[in-house]
Structure formats: structure tokens, C-alpha cells
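Asks:
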Amino acid sequence: MMLRKIAVAAAAKPASLARWESENKMVCEQRLLKGDGPKTGWSREMTNDGELILTMTADDVVCTRVYIRE
Numbered sequence: 178m179m180l181r182k183i184a185v186a187a188a189a190k191p192a193s194l195a196r197w198e199s200e201n202k203m204v205c206e207q208r209l210l211k212g213d214g215p216k217t218g219w220s221r222e223m224t225n226d227g228e229l230i231l232t233m234t235a236d237d238v239v240c241t242r243v244y245i246r247e
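The opening position of the sequence shown corresponds to residue 178 in my numbering, with each subsequent residue numbered one higher.
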């Protein structure tokens, strides 16, 4: 059963396309090669005050993390 789960997960790997949206922001759109699943992606942005903002999405669910250098 475990090997079947691993095979299914490997077959559903997303295709990713990362690109620079601006000088300080990189975005990545992902889609599944096989099967159904949420539209996913992420972005990483450096702000002028030195923060790194990481945003991850899966359909309507959004997670944002802000990193601040000490």
C-alpha cells in the first residue's frame, strides 16, 4: 500500500514556472501534470526595509510569512 501511495504522489508532481515579476519579486505558478488538484503557487519579495515576504497559495487559501533580519 505504501508503494502505491508513493507512485501516485510521484505521478502528480507539479510543473513549475518561476519568473521575476519585478526587480525584487519572484513568482512561481504550479500545475499538476496528471490528476486534479488545487492551483498552487508562491512568491518571494524583498521589501525596501529588508523584509522577505513569502506568500503561498492553494486555490483560495493563502499563507503569508514575513521574515525580518535581526
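Glycine included, every Cβ here is placed at the ideal spot set by N, Cα and C. None of the values given here were measured: they were computed from a predicted structure.
(1) Tell me whether T241 counts as near the ligand NAD, meaning its Cβ is closer than 7 Å to at least one heavy atom of that ligand.
(2) Could you tell me which residues DSSP puts in a beta bridge with P191?
(3) Quick check: the Cα distance between M223 and R246, rounded to an integer number of angstroms?
(4) Taking the alpha-carbon positions, what's the T234 to N225 distance?
(5) Have a look at P215, G212, A192 and S220 and flag the residue whose alpha-carbon is nearest the alpha-carbon of E198.
Replies: Short version:
(1) As presented, the structure is devoid of all ligands, the ligand NAD included, so that no description of it is given.
(2) Start at 1 with the first residue of the sequence shown, and residue 191 comes out as number 14. Looking at the DSSP output, P191 sits in a beta bridge with L209.
(3) Along the sequence shown, one-based indexing puts residue 223 at 46. Along the sequence shown, one-based indexing puts residue 246 at 69. So the alpha carbons of these two residues sit roughly 11 Å apart.
(4) In the sequence shown, residue 234 corresponds to position 57, counting from 1. In the sequence shown, residue 225 corresponds to position 48, counting from 1. T234 and N225 have their C-alpha atoms spaced approximately 23 Å apart.
(5) Numbered from 1 along the sequence shown, position 21 holds the residue referred to as residue 198. Considering only alpha carbons, the answer is S220.
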